[in-house]
Amino acid sequence: MKTLCIRVDEKGNGAAASYPVSLLFHDGKGWKVVGKRGAIPIDLGADPPADPSGTPFDCDRIRAFILAQPSHAKYTEIGAYLLRVLESSGIGDSWRTLKAKHRATKPGDPGLRTMIDVRPDTLRSLPWELLTDGHVRPFLDRENPFLRGAVDGDVAEELPPLRLLVVVGNAAEMEEETVGILAAVSSFRGRLECQLLSEPTPQELTSAVDAWRPHIFHFSGHADRTANADGLLVIGSQPGAKWQLTSADIAVQFHNRGGRLAVLNACRTDAGPAATSLDDVRAATWSVADAFRAAGFLAVIGMQADVTGEAAGRFGQDLYTELAMSTPLDLAVARARVGMYSLKGRVDVRDWALPTLTVSARPDRILAVRACQPPSTQPANLDASDEFKKMGVFVDRDEPRVRTWVGLDPEGFADHAPRGLVVVRGPKGIGKSWLIYHALRTCAVRGRSVRLTSLGASETRVDFVDLLRWIKNGNPLGSKLQAPLPQEPFSAFHHALGQVAQGIQYTAYEEADGVVAEPAAVPFDRDLGLVEERARILFDRFLEGLKAVAKEQPLILAIDQTEKIDESDFRDFVVPHLLKACADDVDPRVRVIVAASTESMPDKEIRSQQADAAAEKIDLDRLPKARFATLFTQYMLANSIPWATAKEKRDHIVGLVSADSWPPSNLEIYYNAVKAGML
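Under this note's numbering, the first residue of the sequence shown is numbered 16, with each subsequent residue one higher.
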């Protein structure tokens, strides 16, 4: 896509000073100035239209008008006037020539990106998003995006998943937007991780930013200003719990945290001219966005005035839905604006023109993630596995889900070291398996080799040799996630198994022996003595095989339904020789994640042998009552239930519940009841 930039610089000195205007064009090789430099008069010129009182519009009146009028026919006149201001500055002919040559005229064409880099504060606060020639509205163009800012070099790709932190300032008022965002998150299919903070305390927000280091920060709530017109975000709705995140705090708290995009869907409920001067209103409106840019964010989406909840919800959902399809940021914003416009289908309703996107890097690179190629050991089309398909309706567990996959694969988190063992604990039916599936999918998206050993299909207890075979050979009746590992690296294990299982004197495998196939299934004869020594030989050779499969990349193995393992074998062999061996490895290439029901045999043995001393421990509990409403709504939206129906049924069901907590399985139970027409 070719890029055009209209740059408006600060005015010079003197009574006759004006704002210099330059037209620049990037053809993919570099920037060049097109035509002669122009100028915009201090009073803008270009025959301004009159406001409803008959007074000609100037900068302050235009700004005050859009703040005060949710809809008005004058918006078309204002947009046409702003276009005349740019065209009459002296760049009009060159601009029209470039548009005619490079604009996309149908979907799929490369298109032309137009950046408006307006540097004087007085002009920057004008609603350039209203631009129109009376018919075409450039900021609603789905193929030729318009945006603000300037490109300052390239940026590196991020290792997936992108990290999104959604902070809700007022949970009750912003619910529609919040659930719209959450409904779109599943479309990323593991390439984005979302954490939701609803009315957090200052300490909770600081902790989340430090630990999470979000690529995307999304605020939904209200904005305000300090006495000196410094912008701020209002967090909390209850008396005594409300607090303010000021622009100064933003610049400090988010500095060098790796932020790429800040989305500030913040209404200004009291920023009218009666409260303070228009200059103060303008300063407060933009200072929060400026603070995020100062903190290092590459792009900021802000709102120029109060936006309706319906429009905010539609914008958020459409924005993240487009981003999930790898749509460049500027095109995603343009298409989300179109979604806002479609709610009323009227250009005189201002909502569609309120979002402003300002960037300092190429929009198609701001949220670029590394395309991680799967290792040769990974089955093809792994995302189609049954376990991963379920992840579209996996809700909540924000903090545990991140700790789980980061424990297994912390690349990108400088203050984390990889764990050879991750233990997921909790009561039966609490969602341990789902958390494991999520961790495996995330690691797979990051280019890691992953496998699942689910023992739930076993009709009998599994001894330790059968467990090793199951891990190595997979489940022929299972999904691709349960596919076999490459067999050649296990030649030494096969060689040892053929000897020690039958009590034959062990001799070390030599490479000259070539590839050794797995011997026919024979039981591990315990009556032959030296059981511990023989078992250790098998586990040592098995771990060597796993490391050979992994090579230089981590191999992530999940073992689910551990209760199916023979109790004595789990205690005597699996814990010390597999789980603890992996946990104690200081540089683990083989990383194991296991599920253990609270107070079950596996849980007790892992604890008693301190196999989890060096492990990442994830403890799951029931879902708190305060989260019922949001989670059930999110679950129904993820199952394609319309928002209005989801809200109605949610309110009815939550009103029936007296329990202080829910097991996650209740989400599916109540959803099925709604689907069947029982509720």
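Beta carbons are placed, not taken as given, at the ideal position from N, Cα and C, and that holds for glycine.
For residue i, three-class secondary structure by DSSP
i, result
"E25", "coil"
"K47", "strand"
"I684", "helix"
"T284", "Its pLDDT being 35, under 50, T284 is placed unreliably by the model, and the measurement read from it follows with that caveat. Correct three-state label for T284: coil."
"L492", "coil"
"E358", "Reading off the sequence shown, one finds Leu at residue 358, where the question assumed Glu. The answer is helix: DSSP assigns L358 an H, G or I state."
"S37", "strand"
"H509", "helix"
"P415", "helix"
"M710", "Residue 710 lies beyond the range of the chain shown here (16 to 694); nothing can be said about it."
"E663", "helix"
"A691", "coil"
"C597", "helix"
"P617", "helix"
"I552", "helix"
"V408", "helix"
"I519", "coil"
"A290", "The predicted position of A290 is uncertain, since its pLDDT is 38 and thus under 50; no value can be drawn from it."
"R541", "helix"
"A563", "helix"
"T18", "strand"
"V303", "helix"
Element boundaries [beta strand (DSSP E), containing residue i]
i, result
"P56", "G53 to P56"
"M130", "L127 to V133"
"I580", "Careful: I580 lies outside any beta strand (DSSP E) and carries neither H nor E."
"L382", "Looking at the DSSP string, L382 is not in any beta strand (DSSP E), and its letter there is neither H nor E."
"E631", "E631 to D634"
"G441", "L436 to G441"
"L162", "F161 to G164"
Nearest residue (CA-CA) to residue i, options the options
i, options, result
"K495", "A263, E190, R434 and E402", "E402"
"K17", "W143, T241, I608 and V166", "V166"
"P657", "I316, A383, K690 and R484", "K690"
"M693", "W677, S676 and H667", "H667"
"A83", "N396, V322 and R412", "V322"
"Y521", "I381, F508 and A532", "F508"
"H233", "G184, D225, T91 and R206", "G184"
"A511", "P501, P639, Q497 and V531", "V531"
"F312", "A368, I231, D634 and Q624", "I231"
"W367", "L59, R228, P71 and Y90", "Y90"
"G462", "E426, E208, R549 and E190", "E426"
"E567", "K632, T577 and P390", "P390"
"R440", "I451, A432, H431 and P433", "I451"
"L338", "V364, G317, V384 and R361", "V384"
"Q388", "A472, D24, R622 and L397", "L397"
"P415", "G274, F154, V465 and W449", "W449"
"Y650", "C74, K662 and L671", "K662"
"M130", "P394, F647, L372 and R622", "L372"
"L145", "V364, S213, E474 and A376", "V364"
"D148", "R556, L113, E92 and L180", "E92"
"E7", "K447, L570 and D587", "Past the edges of the chain, shown from 16 to 694, lies residue 7, and the structure says nothing about it."
"A598", "T112, K405, R434 and P63", "R434"
"E582", "P617, I574, F554 and A610", "P617"
"D636", "A454, V669 and K447", "K447"
Pair within 7 angstroms by beta-carbon distance, residue i and residue j
i, j, result
"V590", "E620", "yes"
"A238", "L248", "yes"
"I552", "V515", "yes"
"F539", "V477", "no"
"V374", "A277", "no"
"S262", "A306", "yes"
"G53", "I106", "yes"
"K595", "A626", "yes"
"N159", "R118", "yes"
"P442", "T645", "no"
Residue range of the alpha helix (DSSP H) that includes residue i
i, result
"K404", "D401 to K404"
"L138", "D136 to R139"
"P370", "That residue, P370, is in no alpha helix (DSSP H); its beta strand (DSSP E) goes P370 to V374."
"F80", "C74 to A83"
"S448", "K447 to V460"
"G529", "Taken as a continuous stretch (DSSP letters only), G529 belongs to no alpha helix (DSSP H), as it is neither H nor E."
"V100", "K89 to L101"
"S109", "G107 to H117"
"A339", "G324 to A339"
Chain C within 7 angstroms of residue i, Cβ atoms only
i, result
"Y521", "Of the protein chains in this structure there is only one, and it is not chain C."
Inset, instruction - Taking only runs that begin and end inside the segment 237–278, name each unbroken alpha helix (DSSP H) of 4 or more residues, in chain order. - result: 262–268
Legend entry - Sequence ranges, beta strand (DSSP E) only - wholly within the segment 181–239, length at least 3: 207–213
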